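Undergrad:
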Amino acid sequence: MPKPRQNEIHDCKYFRWKILKRNSVYYADGRSNSQNLGRHSLGTRDRDEALQNLEQLDLVKAIDLGLADRTLLEQHTSLLTIVEGRAVYEKHCKRPVISGGPRPATRKRYRAVLDKFDEFCKAKGKNYWNELNRRVMDEYAIWLEEKQDYAYQTLYLELTTLKQIHKFFIENNLLPAELRFHYPIQKVTDSSTYCWTPQEVEAMLKLCKKKKLFWLRHVLTGLVTTGMRISELAGLMWKDIDLQRQIILLADESRRRNTATKNRRTTKSGKSRSFPIHSDLLEVLTEIQRYDDGLVFHGPLGGKIKPDTIRNILIREILQPLSKKFPAEPGKAGLIDGRLHSFRHYFCSVCANNGTPERVLMNWLGHSSSRMVKRYYHLHDEESLKQMQKITFV
Numbered sequence: 001m002p003k004p005r006q007n008e009i010h011d012c013k014y015f016r017w018k019i020l021k022r023n024s025v026y027y028a029d030g031r032s033n034s035q036n037l038g039r040h041s042l043g044t045r046d047r048d049e050a051l052q053n054l055e056q057l058d059l060v061k062a063i064d065l066g067l068a069d070r071t072l073l074e075q076h077t078s079l080l081t082i083v084e085g086r087a088v089y090e091k092h093c094k095r096p097v098i099s100g101g102p103r104p105a106t107r108k109r110y111r112a113v114l115d116k117f118d119e120f121c122k123a124k125g126k127n128y129w130n131e132l133n134r135r136v137m138d139e140y141a142i143w144l145e146e147k148q149d150y151a152y153q154t155l156y157l158e159l160t161t162l163k164q165i166h167k168f169f170i171e172n173n174l175l176p177a178e179l180r181f182h183y184p185i186q187k188v189t190d191s192s193t194y195c196w197t198p199q200e201v202e203a204m205l206k207l208c209k210k211k212k213l214f215w216l217r218h219v220l221t222g223l224v225t226t227g228m229r230i231s232e233l234a235g236l237m238w239k240d241i242d243l244q245r246q247i248i249l250l251a252d253e254s255r256r257r258n259t260a261t262k263n264r265r266t267t268k269s270g271k272s273r274s275f276p277i278h279s280d281l282l283e284v285l286t287e288i289q290r291y292d293d294g295l296v297f298h299g300p301l302g303g304k305i306k307p308d309t310i311r312n313i314l315i316r317e318i319l320q321p322l323s324k325k326f327p328a329e330p331g332k333a334g335l336i337d338g339r340l341h342s343f344r345h346y347f348c349s350v351c352a353n354n355g356t357p358e359r360v361l362m363n364w365l366g367h368s369s370s371r372m373v374k375r376y377y378h379l380h381d382e383e384s385l386k387q388m389q390k391i392t393f394v
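Mind the numbering: the sequence shown is residues 1 to 394 in the UniProt record's numbering, read in order.
1. So, are the CB atoms of Asn53 and Glu171 less than 7 Å apart?
2. For Ser342, count the other beta carbons within 10 Å of its own beta carbon; 16 or more makes it buried, fewer makes it exposed. Which is it?
3. Phe214: buried (16+ other C-beta within 10 angstroms of its C-beta) or exposed?
4. Once DSSP output is grouped into helix, strand and coil, what is the label at Ala203?
5. Which residue's Cα is closest to the Cα of Asp138: Asp292, Arg103, Pro184, Tyr291?
6. Under 7 Å between the Cβ atoms of Phe275 and Trp364?
7. Let me make sure I understand the geometry here. Which of Arg31, Leu159, Ala251 has the alpha-carbon closest to that of Ser272?
8. Helix, strand or coil for residue 397? Go by DSSP, reduced to three states.
9. Does the Cβ-Cβ distance between Asp240 and Ile230 come in under 7 Å?
10. Does the structure place the segment 87–95 close enough to the segment 55–66 that three or more beta carbon pairs sit under 8 Å?
11. Can you list, in chain order, the residues of its chain whose CB lies under 7 Å from that of Leu80, leaving out five sequence neighbours each side?
12. Could you check the C-alpha separation between Glu49 and Gln56 for me, to the nearest Å?
13. Taking the DSSP output, what are the residues bridged to Arg39?
14. Can you list, in chain order, the residues of its chain whose CB lies under 8 Å from that of Arg16, leaving out five sequence neighbours each side?
15. Return the residue from the list Tyr156, Gln289, Pro300 that minimises the CA-CA distance to Lys211.
16. Can you give the beta carbon distance from Leu236 to Arg217, rounded, assuming they're within the 8 Å contact cut?
17. Between Tyr27 and Arg39, is the Cβ-Cβ spacing less than 7 Å?
18. Counting only the same chain and skipping the five closest in sequence on each side, list residues whose C-beta sits under 6 Å from that of Glu200.
19. Helix, strand or coil, according to DSSP, for Met137 in the structure here?
20. Given this structure, state the Cα-to-Cα distance separating Pro102 from Arg95, to the nearest angstrom.
21. When you compare each of Ala112, Leu220, Ala352, Arg45 to Ile318 by their alpha carbons, which one comes out closest?
22. Quick one: residues in its chain with C-beta nearer than 8 Å to the C-beta of Ala328, no 5 flanking neighbours on either side, listed in chain order?
23. Does the beta-carbon distance from Trp143 to Phe120 come in below 7 Å?
24. What residue does the beta strand (DSSP E) around Trp17 start on, and which one ends it?
25. Determine the direct distance from the alpha carbon of Ala123 to that of Gly331, and round the result to whole angstroms.
26. Measure the C-alpha to C-alpha separation of Thr197 and Cys351 and round it to an integer number of angstroms.
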């Protein structure tokens with residue numbers, strides 16, 4: 001007959017807790033209080049350490065409910081300041097890729113998230129990572145929305161990154177285990193990026209026939225016919241192009257030792273990919289001026305193109321002049337809302353509508369999952385009607 005479980009009752013400063021063991025690990029159950037405090041792992045098999053952790057859990061829950069002042073946390077050990085925690089995590093992220101470290105572009109995104117979180121903490125008087133909980137996550141999400149109208153995907157990245165960092169601190173004993181909390185975030189399943197229509201793309205390229213914008217016509221043709229990201233197009237070299245075979249190879253160079261570190265290309269997926277050159281792009285590549293830097297695309301004065309500059313010029317010189325010709329429907333996004341990444345969505349949609357096999361399209365875009373291709377695909381009303389008219393029902 002199994003030994004009956006013996007639970008201890010502890011009346012801490014603020015709440016009553018039931019202490020129990022599961023798989024030899026101590027847990028605290030606070031569901032019998034007037035406020036349901038849930039059940040939490042105390043992260044240890046040692047009873048004395050568990051009781052110490054229980055005191056901090058009791059205080060943290062009291063602060064959450066406004067029953068205790070946040071400054072009381074400073075009387076406890078195991079405090080991790082926002083500045084110290086960031087330094088530790090950024091050092092952790094500098095591990096090489098082979099050791100599981102993130103790629104440079106990912107580290108850059110993490111820095112941007114931490115910059116905003118630092119600003120939030122200073123504005124709200126948060127000094128310690130120990131204070132991060134469900135309520136603070138809610139406050140941060142509201143603060144982000146009020147600060148700027150961020151896209152859902154941006155908010156998702158911000159919150160999931162914070163969860164990831166907090167989990168890292170707990171798993172590496174930088175924060176007590178009892179500070180772990182559950183915070184579900186609904187993952188985005190579709191894209192809010194506007195996808196151009198063929199008529200809009202035709203009008204954009206026509207507008208670029210002006211002498212001062214002809215260089216931009218080259219850039220947009222490259223985006224339209226390859227589905228490349230603007231950063232990939234900006235870094236495209238002549239050595240990546242085989243005009244005889246009419247193939248472009250985007251090689252991931254992160255593992256190459258014979259390439260200068262600052263000049264190494266790292267693709268988002270970490271994998272190389274190749275795709276054929278469309279006849280429209282081939283025409284551009286045969287007429288475009290070549291420069292000594294080896295880059296394919298350049299600005300109006302022959303300098304390297306920068307994504308932010310291209311985006312601003314696209315809005316000012318192309319989208320705004322065409323916005324009256326292609327007005328957005330009430331309550332819907334329109335041409336004026338499109339951005340450079342819209343060309344990648346356009347490429348995917350046009351290829352899919354023309355019967356390109358999904359596996360082929362995945363290879364061209366550099367996606368290992370068909371889920372991303374489906375997220376990029378857009379079916380406009382006109383194309384939808386066109387596809388319907390092809391079907392014989394009777």
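Heads up, the beta-carbon is just placed ideally off N, CA and C, and yes, glycines get one too.
What you are looking at is a predicted structure, and each value in this text was computed from that prediction instead of being measured.
TA: Taking the geometry as given:
1. The answer is no: Cβ separation not under 7 Å.
2. Ser342 is buried by the Cβ-count criterion.
3. exposed
4. helix
5. Pro184
6. yes
7. Ala251
8. Here the chain comprises residues numbered 1 to 394, so residue 397 is not present and cannot be evaluated.
9. no
10. no
11. A distance below 7 Å between beta-carbons, with the five flanking residues on each side excluded, links Leu80 to the following residues of its chain, in chain order: Tyr128, Trp129, Asn130, Phe169, Leu174, Leu175.
12. 11 Å
13. In DSSP, Arg39 forms a bridge with Asp29.
14. Once the five neighbours on either side are set aside, the close Cβ partners of Arg16 are Ile9, His10, Gly30, Ser32, Asn33.
15. Pro300
16. Going by Cβ atoms, the distance from Leu236 to Arg217 rounds to 16 Å, so no, they are not a contact pair.
17. yes
18. Phe326, Leu335, listed in sequence order.
19. helix
20. 8 Å
21. Leu220
22. Take Ala328, set aside five residues on each side of it, and the residues of its chain with a beta-carbon closer than 8 Å to its own are Gly334, Leu335, Ile336, Asp337, in chain order.
23. yes
24. 16–22
25. Each residue's alpha carbon lies about 34 Å from the other.
26. Approximately 13 Å between the Cα atoms of the pair.
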